[in-house]
Structure formats: C-alpha cells, structure tokens
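Scroll down for the structure; my scribbles are underneath it.
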Ligand SMILES: Nc1ncnc2c1ncn2[C@@H]1O[C@H](COP(=O)(O)OP(=O)(O)O)[C@@H](O)[C@H]1O
Ligand SMILES: [Mg+2]
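In the numbering used here, the protein residues as written are 997 to 1344.
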C-alpha cells in the first residue's frame, strides 16, 4: 500500500496521542500517523483531502522560507515536520529509534497539513511508567536491573543518533516508549531533531540557531522542553552534549524515581532561567547527599557527569558502563543482589 492510500482521513476516535505540534492517530493497518497543522487556508473552505506532490511540498517549503507568506509560525511548523520526516529517514534501522516510513504534505478541510507516517511504538510512554499511571504500577517496584536496562537503551538510542550525526533535541520521558513485557525501549518524536556535520567521534560542531527566530516563552517547542533542557540549549545552542544532559535527567528519574531538578509548579520561563544559571557543583553536592542507598557508586558518578553542563561524549559512556555493570552482575549472580524493592540491604 502506498503512503497516499494509507493516509486516508483520520477518524478522531483513533487518536492515540497529541503534543505541541499536532495529533497522532492509529491507522487501521497498525501504523501511526502524526498530523501537523501547518497553516489555515483562510475562509471557511472545506477541501477534499488531497496529497501534495513532493515538488509542490518543496515549492511551498521554499516559498515559506523566502517570503514567509503563511507567517513565521507556519514556516517553523513546516520546518519541524520536514525535519521529522527527513531525520527519521536518516535513522532508519536503529533498533531503539522509532521507524519513520514517510512524510507528505496534505491539503484538507481548511488547512495545509504535514503527515508523518511511523511504525507504532510498543508499550507505553516512560512518563506513564515513572508516574505510576501505567496499569497503576509503582515505578519503585521495578528492580534496579530493569531501570539499568531502560537507562542503557535510552543512552544507546541517543548515541546511535549521534553516530549518524543527528541531535534529538527533546529527550524526555514523554518521547520515550517502554514495553515492560518485551523490554523494548523506543525513542520517538524527531520534531526537534537536527543534523550536524560531524558524528560522535569528532567534536560536535556547535550549531548556533537563530535564537530570535522563535519566542522562547511562547514557543519552547523549537528548543526542547524546559524541565529537560540543557543550559546551552535553553540559550538556543543545540549540541550533542545537550542531548546527553537531557538523557542524564531522564536517567536520574529512571534510577531514583525522583526529578533531578525541582520543576513542578514552576513556569517554563522560570525553569529555563534557573537552568541557564544552574550551578553544577550544587547539583553534585545534592546528588551525593540524596542519592538513594541502593544506587551503585558508578551510577551516581555517571549521573553526576551527565548532569554537568560541560558534559562530553566520553563522560556519557561512564553512565552506560555503570548500567552494563549492573546488568552483567545480574547475569552472573541471579540472586536479588541489586533489587530495590525486596530487601533494603540488598546493595552490598
Ligand atoms: N510512533 C508512535 N507510536 C505510539 N505512540 C506515538 C507514536 N508517535 C507518537 N505517539 C504518541 O503521541 C504523542 C505525541 O507525539 P510526539 O511525536 O511526541 O509529538 P509532539 O511533537 O507533538 O510532542 C507521544 O507522546 C505518544 O504518546
Ligand atoms: Mg513529544
């Protein structure tokens, strides 16, 4: 089946997710489509849904860049949608990254839309696992090995992207799916992703975004999510180390069940301001003092490295190695050596 025939009208009742950019629908064949509204077409015109040719799409994209005739917001949305499709294509075959099957422009109802077709991720969002809404199961009851596995798979996904020269730009639990039965971890949402020229092995070329292009207070979407954003990314500098920092925050939550930074009840702008002026040494002190008893020192050290704003690729590996160590120990010692829930004295 080609993309056009798969992507027919999207019945509202099959909506399985929504985010800053648009809605996500489950298709009858089990795939998923993200529908991003680019711009209204004006008037109350109702059009029969029509797929725009690749050429037409490119023409619109160019026109938007050049003349901005749909406005700045529409140009940004088109850029995100195109990026998501193109980066997705680039990352095909990575086991921990969502498989993007294609993208296209569509005229429908009264607007211009972009549709990104993907495979459905297995499981539920890591966010729902962490906050206990997934089948009411408390994250505290997940054994340490399982947490180490989840953290390691996220690290692997981020590294795989970096190896192919892609910065994800919005690593957070809502954009990660975890299937507790198959243990599969999938990173989704490539809407903030961008390509860099150098891969993981070379020092990342710092891509300075035109910070004035978007208004951070109203549209943080272009730059990630305040609670997970790295300090330099909050200032508009998107780097691989920003992804590592965000992964560090996620890993902290995965390992401890707590937030790495107090962000609840705060406005996005406030969180961003705090993040920019964030003092790594204070954070480290807090981490040392508050780290749960069951966390192996290597994990604490790995976390404190990834939460350092000067984080580098090689420090990221420390956390990965710490996860490996826990998982190796599990393979060699089948007992509950690292179990959190069953025995408070189990980490010896
Ligand atoms: N491939 C997918 N499989 C399953 N659920 C998905 C998939 N893509 C998106 N979703 C769901 O839709 C939500 C929004 O999608 P996302 O790509 O994160 O969009 P946004 O850029 O708007 O945040 C996700 O948090 C997730 O719950
Ligand atoms: Mg998202």
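Heads up, the beta-carbon is just placed ideally off N, CA and C, and yes, glycines get one too.
- Assignment of beta-bridge partners to residue 1111 by DSSP yields 1031 and 1100.
- Between ligand 1 and the CB of residue 1126, the shortest heavy atom gap is not smaller than 7 Å.
- Exposed is the label assigned to residue 1011, since fewer than 16 other Cβ atoms lie within 10 Å of its Cβ.
- Taken through DSSP and simplified to helix, strand or coil, residue 1123 comes out as helix.
- Assigned with DSSP and collapsed to three states, residue 1019 falls in strand.
- In this structure, DSSP gives residue 1175 an extended state, which the three-state scheme calls strand.
- In the structure shown, the three-state DSSP call for residue 1234 is strand.
- A straight line joining the alpha-carbon of residue 1163 with that of residue 1122 spans about 20 Å.
- Along the segment 1136-1187, the beta strand (DSSP E) occurs as fully enclosed runs of 3 or more residues at 1172-1175 and 1180-1183, listed in sequence order.
- Within 7 Å of the C-beta of residue 1170 there is at least one heavy atom belonging to ligand 2.
- Residue 1045 and residue 1141 have their C-alpha atoms spaced approximately 49 Å apart.
- Leaving aside the five residues that flank residue 1284 on each side, none in its chain has a CB nearer than 6 Å to its CB.
- Below 8 Å, enough C-beta pairs join the segment 1247-1265 and the segment 1280-1300 to call them touching: three or more.
- Here the C-alpha atom of residue 1084 lies approximately 10 Å from the C-alpha atom of residue 1157.
- When beta bridges are read from the DSSP output, residue 1293 appears opposite no residue.
- In the same chain as residue 1031, and ignoring 5 residues on each side of it, the C-beta atoms closer than 7 Å to its own belong to 1006, 1018, 1019, 1021, 1109 and 1111, in chain order.
- Taken through DSSP and simplified to helix, strand or coil, residue 1067 comes out as coil.
- Look at residue 1190 here: in three-state DSSP terms it is strand.
- Per DSSP, the continuous beta strand (DSSP E) segment holding residue 1011 begins and ends at 1011-1014.
- Residue range 1276-1286 is occupied by the alpha helix (DSSP H) that includes residue 1276.
- Minimum Cα-Cα distance from residue 1119 among the listed residues 1088, 1159 and 1176 corresponds to 1176.
- The segment 1145-1156 and the segment 1312-1327 touch, with three or more beta-carbon pairs separated by less than 8 Å.
- When C-beta atoms of the segment 1221-1232 are compared with those of the segment 1255-1275, three or more pairs fall below 8 Å, so the two segments count as touching.
- Here the residues close to ligand 1, judged by CB distance below 7 Å to any of its heavy atoms, are 1012, 1013, 1014, 1015, 1016, 1017, 1018, 1020, 1028, 1030, 1094, 1114, 1115, 1116, 1117, 1121, 1170, 1171, 1173, 1184, 1185 and 1187 in chain order.
- Taking the Cα of residue 1290 as reference, the smallest distance to any Cα among 1221, 1233, 1252 and 1134 is reached at 1252.
- Residue 1098 sits close to residue 1081, with the two beta carbons spaced by under 8 Å.
- The Cβ atoms of residue 1167 and residue 1242 sit closer than 8 Å to each other.
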